[in-house]
Amino acid sequence: MNQLLYSKLGSFIKVKPSLATSIGQIQLDRPVMLASGILGISLDVFNRLYRSGAGAVVTKSLSKEPWDGYPNPTIFSVKGGGWINAVGLSNPGAPNFAKIIESNKDVPIIVSLVGSIPEEFEVMIKEFENCKVTAYELNLSCPHVAKVGLEVGDDPELVKKIVTTVKNTTNVPVIAKVGLGTTHYLDTVSIAIESGIDAITAINTVRAIAIDVETQRPILSNKFGGLSGTPIKPIALRCVYEISSKYDIPIIGCGGVSTWEDAVEFFLAGSSAIQLGSAVGDNWIDIFDEINKGILQYMERKGYSKIKDMVGLAKKS
Amino acid sequence: MQRNHNHPTIVTIEKVIDETPTVRTLVFSDEVMSNILPGQFAMVWIPGINELPMSVMISEESGKAAFTVRRHGPASTGLFNVKVGGQIGIRGPYGNSFDIKKGKLLLVGGGTGLVPMMRLLTFVKSTDDVTVLIGAKSKDEVFFEDLTNSLLKNNPHKVIVSTDDGSYGQKGLVTDLVEKLVDETHFDAVYTCGPEIMMYKIVHSAHSRGIFVQASLERMMKCGVGICGSCCVGEDLVCKDGTVFDGQHLFSNKEFGYFHRNKAGVLENY
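These protein sequences, in sequence, are chains A and B.
When we follow my numbering, the leftmost residue of the first sequence carries the number 3, and every step to the right adds one.
When we follow my numbering, the leftmost residue of the second sequence carries the number 110, and every step to the right adds one.
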């Protein structure tokens, strides 16, 4: 009797879809995060982003000491869409930053770390022992600063040592953010997985340059920067698709998401959550709620109750 | 092709005016910048040197705009040293602008903070009664006094200059003068731009008396478009939420008047 009643009701009552997602052990209420490098130096701003719909906030990549970054110009707007930036990983340093987020209660904060040797990562993680940290994200892919980021990610032995050290230092989930360097990113992913990584963020910005035709010189003070935004979305999506096809590892898609359709594409390609940054520059922080709403409407239309229902669906054929 | 305001437009400096030994105005032709609103800013690229946020100065000639810059750090000194014929890149306009009220208005500018005040003066109605306070350290650092008078020639107005050392105009801090003025006269609105401690005191003087007050804030900026986060003041981003903030909002911000961030993002006291 009950069964009959439920099945009849089921056809009338639609289950309200949930935006909650999990990336391995990482549980989030919403699947859209702020990517590293964007807006991340004050807890007040993190709270505001969380209130605006971000499921988590990834901090700027933190180094052992404060870094000033490069002189301006540090950002360039590409005609037709996208940005090239060489901010140069400016950040207040892990010890100062730990103080900034010490009083964090509400916001899921993913602390991004950058360094050259395993010991630096170990020392930095210890700084955050008294902070509410949802996960660590290792920056193995920044394409415009020497001796860190992509130069580390391109060295498989170093990746192995860093991931192993970090995993032995903390019980908090650890994510590796990979990018397009001289070592194939799938090899970097493979080594990170072998070394115990919990999840992968793919991808970082892509090394690029901008030249001004009037003054006939590169515009950015560092000459080279990283291309982000809509131009790299299809590439990032391809990477997520390839990683999820080859490995059984939770993935966070990152690269050029600016609409709910972009976010859904990344889910369908195999990522359980997404990160965005450039779209904040184009649409400001209302973008999080806009994308959340679009995803929910899509889920209602397609009859999905949770994000996981659509993760990897594009690979079914 | 339509101009992308995030993309640097290269302009050529046509005229350089020495305002004081340390302040210069660089004039260029650009329709977009000539029409921006008071409080908005541009990111100014000095090729090979740096890029910095600048308020856009008015020009007497239509279709032209200017930057009034004080020689200070490497970026501002780089801009200060651009000669006639030199090329700079500009992107923007960025940011919000002052809410222009009617009636009895008080404008207070310290140093190059006078730039948005001059643009604001081009928006007042001829029926507005306008008082402008110009604060400077000493006589040779006073500028825009004649310009202010000429912009207000059709208005009931008063222009008061104060110098910290008393070498010109009234002696003392411009903030003490504001405190006195808001006690004597009822203003419908107070607008200010200049050093943050100055603005903090002025916002306090006006806000505590229930007078509408707005300040245009300055912070270290890298991107100007709400990506890098360098210009945050508490939860506000000067480039996107400002540069203009209401007094009431500023008083709920724990950092205004107390802290700013350096290039690395480390909080420093004023």
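Just so you know, even glycine gets a beta-carbon here, dropped at the ideal spot from N, CA and C.
Quick caveat, the model's predicted, so the values are computed rather than measured.
In this model, B:K192 and B:K124 are separated by some 8 Å (Cα to Cα). Chain-ordered, the chain A residues with CB closer than 8 Å to the CB of B:C332 read T76, I77, N87, V89, G283. Taking 7 Å as the cut-off between beta carbons, the residues of the region 56-73 of chain A near chain B are P68, W69, D70, G71, P73, in sequence order. At a cut-off of 8 Å, the C-beta of A:S92 has a neighbouring C-beta in chain B. The C-beta of B:G319 comes no closer than 8 Å to any C-beta of chain A. Check the Cα spacing between B:G356 and each of B:G194, B:I122, B:I311, B:V291: the tightest is with B:I311. Pairwise C-beta distances place the region 278-287 of chain A in contact with the region 37-50 of chain A, as three or more of them are shorter than 8 Å.
When the five nearest sequence neighbours on each side are left out, the beta carbons in the same chain lying within less than 8 Å of the beta carbon of B:T186 are those of R180, in order along the chain. For A:L41, the residues of chain B that pass the 9 Å Cβ criterion are G335, I336, C337, G338, C341, L346, in the order they occur in the chain. Per the coordinates, the alpha-carbon of A:T167 lies some 26 Å from the alpha-carbon of A:N106. Contact between the region 288-307 of chain B and the region 246-258 of chain B is not established, with fewer than three Cβ pairs separated by less than 8 Å. DSSP places B:K280 within a strand segment (E or B) once states are collapsed to three. Membership of B:P225 in the alpha helix (DSSP H) is indicated by the continuous run 223-230.
Remark: C-beta atoms of B:W154 and B:G195 do not approach each other more closely than 8 Å. Secondary structure at A:D311: helix, using DSSP grouped into helix, strand and coil. Counting only runs of 4+ residues, the alpha helix (DSSP H) found wholly inside the region 144-226 of chain A occupies 152-155, 158-171, 187-196, in chain order. Among the residues of chain B, those whose CB is under 7 Å from the CB of A:D46 are G343, E344, following chain order. Sequence-ordered contacts of the region 202-217 of chain A with chain B read D214, E216, T217 [C-beta pairs closer than 8 Å]. Its chain contains N93, A96, F99, L115 as the residues whose beta carbon lies nearer than 6 Å to that of A:L64, once the 5 sequence neighbours on both sides are disregarded; these appear in chain order.
In terms of Cβ geometry, B:P162 and B:F176 do not form a close pair [threshold 8 Å]. Closest option to B:K372, judged by alpha-carbon separation, among B:N205, B:K331, B:E169: B:K331.
At least one CB of chain B lies nearer than 8 Å to the CB of A:R50. Taking each of A:T261, A:C256, A:S246 in turn and checking the Cα distance to A:G314, the smallest one comes out for A:S246. Counting C-beta pairs closer than 8 Å gives three or more between the region 192-207 of chain A and the region 177-184 of chain A, which meets the contact rule. Shortest Cα-Cα distance from A:V59 to any of A:I103, A:G155, A:A271, A:W85 involves A:I103. Against chain B, a Cβ distance below 8 Å from A:K225 picks out nothing, because the smallest value is about 11 Å. Across the region 277-302 of chain A, CB contacts with chain B closer than 9 Å involve G279, S280, V282, G283, D284, W286, I287, in sequence order along the chain. With 16 or more other CB atoms across the displayed protein chains lying within 10 angstroms of its CB, B:Q323 is buried.
DSSP assignment within the region 112-198 of chain B yields the following whole beta strand (DSSP E) runs of 3 residues or more, N-terminal first: 118-129, 132-138, 150-155, 159-164, 173-179.
With respect to the 8 Å criterion, B:N205 and B:G343 are not classified as neighbours on the basis of their beta carbons. Note that the region 227-240 of chain B touches the region 259-275 of chain B; at least 3 beta-carbon pairs, one per stretch, sit closer than 8 Å. A:T232 sits close to A:G83, with the two beta carbons spaced by under 8 Å. Here A:P19 is buried. Its C-beta has 16 or more other C-beta atoms within 10 Å. For B:P225, the number of other beta carbons within 10 angstroms of its own is at least 16, and it is reported as buried. For B:L326, there is no enclosing beta strand (DSSP E), as DSSP marks it with neither H nor E.
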